[in-house]
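Every letter in the sequence shown is one number past the one before it in UniProt numbering, and letter 181, counting from 1, is 181.
The beta-carbon is built from N, C-alpha and C at its ideal position, and this holds for glycine as well.
Have a look at the structure below, then the notes.
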Amino acid sequence: MIIDTHLHPTNLVDEAWRHTGEPFNGERMLKMMDGPYMINGKPRRIDMGFIQPPPGNTGYRDGNRRGRDGIRDYMAYIAELCQKYPDRFIGNFTFNPRWGPEEGALELEFHVKEYGFKMLKLHANMHGYRPDRALDWLRPAMKMCAKYNIVVLIHTGDGPYTIPTQFYPIIREFPMVNFIIGHFGIQTGGNYSFEAFWMAMDTPNVVCESGWCFQSRIVEFAKQLPRNKIVFGTDTPPNEPGMWLRELEVLCSPAPQGMGLDEDGLEDYMGNNIARLIGLKTTPPPRTMEEAQARLTDTYAGVK
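Right under this line is the structure:
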């Protein structure tokens, strides 16, 4: 399977990105996931994706409910989609400690038990806290992640609060929790990809998300990182997933643009690495065109 770690479907206009003013809902997301995308000459789709609300819709606004009620409100559409399309969507719980650290941790536990969520998202810039000095805000949720084997996806790449190494204190305090450096340390106004690379090299519980990384750097980093250290993520929308699939596919081409990666290695990057982290069965790449075509259809493919 191809598994995208970073999707943002919404039934509301995104308060931060706006886009075209039309919500990018779950059905629109599935249509984009279905592609098909040509990978090494075979048609593929994004089989599953971790979904979370747009971060701009997870802050407090006048009139919102507070505490656990408010958290449950901003997570409601994601929970609905996970129930409606369980073979395609996996829940990613957005943790905003400003709604209450303990309340957020309890809501994470609720979403894990009730809806099968497998991931938690931290976005310190959008939620306004310095992660290396807000450890008391983060610990309750991290304890829940350790208890339920929940992977933590960290937004990184821009100041003042999402420079990758600012998360080292909480990462080192919870070595039993797996952390993904979102955007490979690249975002608006910053390129901390080398920080992300060395964190993944030096820290057993850290891996990097491929999306947003420069193509030439992904080749450089993949040559040195252990194969389990890169996972596929696109940040769709605003990004289009095909370009980030192509960025990984190019690793199969000869140097200097690629590294002669075999298709099994590519399948690790595109889905099997994250599958192992959350306990999903891994899958081999399709070996024939017929096998690839057969994988394109199931209950939710081609949703209108």
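Could you tell me the boundaries of the alpha helix (DSSP H) in which Glu-102 lies? DSSP places Glu-102 in the uninterrupted alpha helix (DSSP H) bounded by 101-115.
Tell me the rounded alpha-carbon separation between Tyr-74 and Ser-253. Distance between the alpha carbons of Tyr-74 and Ser-253: 43 Å.
Which of helix, strand or coil does DSSP assign to Gln-52? Correct three-state label for Gln-52: coil.
Using a threshold of 8 Å, state whether the C-beta atoms of Asp-235 and His-183 are closer than that. The Cβ-Cβ distance between Asp-235 and His-183 falls below 8 Å.
My guess is that Thr-5 and Val-231 are in contact by the Cβ rule of under 8 Å, so how many angstroms apart are they, rounded? Between Thr-5 and Val-231, the beta carbon gap of about 5 Å places them in contact (Cβ cut-off 8 Å).
Mind reading off the beta-carbon distance from Arg-217 to Ser-193? Whole number of angstroms is fine, and I expect it under 8 Å. Contact between Arg-217 and Ser-193 holds, since their C-beta atoms are separated by about 6 Å, short of 8 Å.
The ligand SAM heavy atoms versus the CB of Arg-139: any closer than 7 Å? For the structure depicted, the ligand SAM is absent and the ligand set is empty, with no information on it obtainable.
Pick from Asn-149, Tyr-85 and Glu-27 that is closest to Val-112, judged by C-alpha positions: By alpha-carbon distance to Val-112, the top candidate from Asn-149, Tyr-85 and Glu-27 is Asn-149.
In whole angstroms, what separates the C-alpha of Leu-81 from that of Pro-9? Distance between the alpha carbons of Leu-81 and Pro-9 is about 9 Å.
Do the region 63-70 and the region 267-275 touch if we need at least three Cβ pairs shorter than 8 Å? With fewer than three CB-CB distances shorter than 8 Å, the region 63-70 does not count as touching the region 267-275.
Quick check on Gln-224: buried or exposed, where buried means 16 or more other Cβ atoms within 10 Å of its Cβ? Under this definition Gln-224 is an exposed residue.
Using the three-state DSSP reduction, which class does Ile-274 fall into: helix, strand or coil? Three-state result, Ile-274: helix.
Taking a contact to mean a Cβ-Cβ separation below 8 Å, would you say Val-13 touches Gly-26 in this structure? Contact: no.
Contact defined as beta carbons within less than 8 Å: I believe Val-151 pairs with Ile-180. What is the distance between those atoms, to the nearest angstrom? Contact between Val-151 and Ile-180 holds: their C-beta atoms lie close to 6 Å from each other, under 8 Å.
Can you list, in chain order, the residues of its chain with a C-beta nearer than 6 Å to that of Glu-267? Leave out the 5 residues immediately preceding and following it. Only Pro-285 meet the Cβ criterion.
CB contact flag (Leu-7, Ile-71, <8 Å): Ile-71 sits away from Leu-7, with the two beta carbons spaced by 8 Å or more.
Excluding the 5 residues preceding and the 5 following His-155 in the sequence, name in chain order all residues of the same chain whose CB lies nearer than 8 Å to its CB. The residues Pro-55, Lys-121, Leu-122, His-123, Ala-124, Asn-125, Met-126, Thr-162, Gly-182, His-183 and Gln-187, in chain order, have a CB closer than 8 Å to that of His-155 in the same chain once the five nearest residues on each side in sequence are set aside.
When you compare each of Gly-59, Asp-132 and Pro-238 to Asn-96 by their alpha carbons, which one comes out closest? Nearest of Gly-59, Asp-132 and Pro-238 to Asn-96, Cα basis: Gly-59.
For Glu-290, which option in Lys-42, Ala-16 and Glu-15 has the closest C-alpha, if you only look at C-alpha atoms? When the alpha-carbon of Glu-290 is set against those of Lys-42, Ala-16 and Glu-15, the nearest one is in Lys-42.
Under DSSP, the beta strand (DSSP E) around Tyr-37 begins and ends at which residues? From DSSP, the beta strand (DSSP E) with Tyr-37 extends over 37-39.
Terminal residues of the continuous beta strand (DSSP E) containing Asn-92? In this chain, the beta strand (DSSP E) harbouring Asn-92 covers 89-94.
Gln-83 versus Asp-202, Tyr-115 and Leu-245, residue with shortest Cα-Cα distance: Minimum Cα distance to Gln-83 is reached at Tyr-115.
Alpha carbon of Asp-264 to alpha carbon of Thr-94, nearest angstrom: Roughly 32 Å between the two C-alpha positions.
Between the C-alpha atoms of Arg-287 and Met-119, what's the straight-line distance to the nearest angstrom? The straight-line gap from Cα to Cα measures roughly 31 Å.
If you run the structure through DSSP and keep just helix, strand and coil, what is Leu-81? Of the three classes helix, strand and coil, the one that applies to Leu-81 here is helix, per DSSP.
Tell me whether Phe-179 sits in a helix, a strand or coil according to DSSP, three-state version. The DSSP-derived three-state label of Phe-179 is strand.
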